[in-house]
Amino acid sequence: MKKLLLFSIIVVVIMASFAPATIFAAAPQIKGSDVMVIGDSYFALSGEIVRALENEARNAGVLGANDRFRDYTVSGSTLANNGIPSQYTNGINSGKVKYVIMDGGGNDCLQGWTPAPYNENTPFIKNATDAVTNLLKKMKADGVVKVFYLFYPNPNGDLNGLKAKLDALRPIMQSTIANTTEKPETYFFDIRPAWDGHLSEYTLPDGIHPTTAGSVATAKAMWAEMQKVNFFGTSTPTIKYGDYNNDGSIDALDFSALKMHLMNPTHAYNEVLDLNLDNTIDSIDFAIMKQYLLGIVKNLPYK
Ligand SMILES: [Ca+2]
Ligand SMILES: [Ca+2]
């Protein structure tokens, strides 16, 4: 037992000394090239939402300082007529992605004159929702893991009935996405609450597109939602590894508790003490905790 323990400690020390220093740094957890952004002028006109969202990701340590998402957004794009879907095709043809951030449907609402009332069979709605169903299906086949679909704020003014059309499209698009079976994990995000009470401040004189303040607020709200749903899978695990006595810190008390735990020949498995996530509690975990307390291992669990 003692020999094994010593051996383990030596192995860990050797591994640590040969590993590049960056292995312990808070490295970016996603690559910008894994993230594709597609959509219309709501994103594309100034590009500020995407830039602000990248900043949020950087500030959270999720994206590297000079890394960017892959932005294929084009002003004026519809979902129908292979507009936004063709952005996706262009993007995926130059490299696979795990995450897609998108909007769409606003320009579909602006196509031609359509009398109210609107329902799921109204052409501009049906064409847009059919396009999204097919797009999600293709994304699933291409191995996209998650999709974040941003749906617009209210326009500032009626804008020839645009508000009524968006109000009709919004719930139908949301249920279409929910009912699509072949899709990546898809989040439909209604941005209106973040804009409540700020419509004039956040909207350009055209009544539709976001100002800089509107872009930043939109990105912040998107990021808060992404963190909430752990969109990029980078949130801190809820288990505090190593904190055996659950007092919020990992210290000598936990170290001696782990020692006692190991000395008990019938010791049970305890996830909190499995510091290398190999489903056993043994001398390797003990060695890792020692390294952690010495400041050599910076993060638990240690893989
Ligand atoms: Ca503790
Ligand atoms: Ca273990």
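According to our numbering, the stretch in the sequence shown is residues 574 to 876, in order. All C-beta atoms in this analysis are idealised placements derived from N, C-alpha and C, irrespective of residue type, glycine included.
query, result
"N849 beta carbon near ligand 2 (any heavy atom closer than 6 Å)", "yes"
"Cβ contact (3+ pairs, closer than 8 Å) linking the region 629-637 and the region 667-675", "no"
"Candidates P728, I657, R641 and L826, of which the one nearest D703 by Cα", "I657"
"heavy atom of ligand 4 below 6 Å from S659 C-beta", "With respect to ligand 4, the structure offers nothing, as its ligand set consists of ligand 1 and ligand 2."
"Alpha carbon of K756 to alpha carbon of S748, nearest angstrom", "13 Å"
"Cβ shell of N729 (< 6 Å), same chain only, five flanking positions each side left out", "L772, T776 and G780"
"L683 versus K669, M862 and N700, residue with shortest Cα-Cα distance", "N700"
"C-beta atoms of D681 and T651 nearer than 7 Å", "yes"
"Cβ neighbours of F724 in the same chain (closer than 6 Å, five flanking residues each side left out)", "R743 and D763"
"Span of the alpha helix (DSSP H), counted from its first residue to its last, around L723", "Unbroken run through L723 is the beta strand (DSSP E), K719 to F724; no alpha helix (DSSP H)."
"Close-in-space but distant-in-sequence residues of the same chain around A786 (CB under 7 Å, 5 per side omitted)", "E774 and Y775"
"Endpoints, the alpha helix (DSSP H) within which E629 is located", "E621 to N632"
"Own chain residues within Cβ distance below 7 Å of A689, not counting five before or after", "A737"
"T646 beta carbon near ligand 2 (any heavy atom closer than 6 Å)", "no"
"Environment of S822 [buried if 16+ CB atoms lie within 10 Å]", "exposed"
"Candidates L626, N628, L618 and R643, of which the one nearest S606 by Cα", "R643"
"Per-residue DSSP class, three states only, for F902", "Nothing can be reported for residue 902, as the shown portion of the chain is limited to 574 through 876."
"Candidates A790, S648, V718 and G649, of which the one nearest N628 by Cα", "A790"
"Option in L626, G677, D816 and E693 with minimal Cα separation from P874", "D816"
"Environment of K759 [buried if 16+ CB atoms lie within 10 Å]", "The sequence as given places Thr at residue 759; Lys does not occur at that position. Buried."
"Minimum length 4: unbroken alpha helix (DSSP H) runs contained in the region 660-727", "679-682 and 696-714"
"S547 and A625 closer than 7 Å at C-beta", "In the structure as shown, the chain starts at 574 and stops at 876, and residue 547 therefore has no counterpart that could be examined."
"Contact test: N818 Cβ vs ligand 1 heavy atom, cutoff 6 Å", "yes"
"Same chain, Cβ closer than 7 Å to I745, five either side skipped, listed in chain order", "E693, I698 and T702"
"Proximity to N666 [Cα-Cα], best of G716, T784, T687 and R641", "G716"
"Check: T853 C-beta below 6 Å from any heavy atom of ligand 2", "yes"
"Exposure of V802, with buried meaning 16 or more beta-carbon neighbours within 10 Å", "exposed"
"Straight-line Cα distance separating E798 from A630", "12 Å"
"S614 versus G620: straight-line alpha-carbon distance, rounded", "8 Å"
"Residues of its chain near S648, where Cβ-Cβ distance is below 7 Å and the 5 sequence neighbours each way are ignored", "D613, S614, A617 and L618"
"Proximity of G664 and M609 at Cβ, strictly below 7 Å", "yes"
"Those residues which DSSP pairs with D740 across a bridge", "In DSSP, D740 forms no bridge with anything."
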